[in-house]
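Residue numbers (the working numbering): 1 to 55.
Encoded structure:
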């Protein structure tokens, strides 16, 4: 078994990356209805599955 840990700098970059994604998603869905968000989610799920099937 191998345990890996991020360095201090790695933890910082990880936190910044998470904040970036949170802000990005909030901006994308800003002003969308619940139905629009659900449709977008379904489309992204389909895209993800398509890309997984290419492996």
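All residues carry an ideal CB built from backbone N, CA and C; glycine is no exception.
Taking a C-beta distance under 7 angstroms as the contact criterion, residue 37 and residue 28 do not qualify as a contact pair. In the structure shown, residue 3 falls within a coil segment according to DSSP collapsed to helix, strand and coil.
Judged by DSSP secondary structure, residue 53 falls within the alpha helix (DSSP H) whose first and last residues are 34-53. Going by DSSP, residue 10 is part of the alpha helix (DSSP H) stretching over 8-29.
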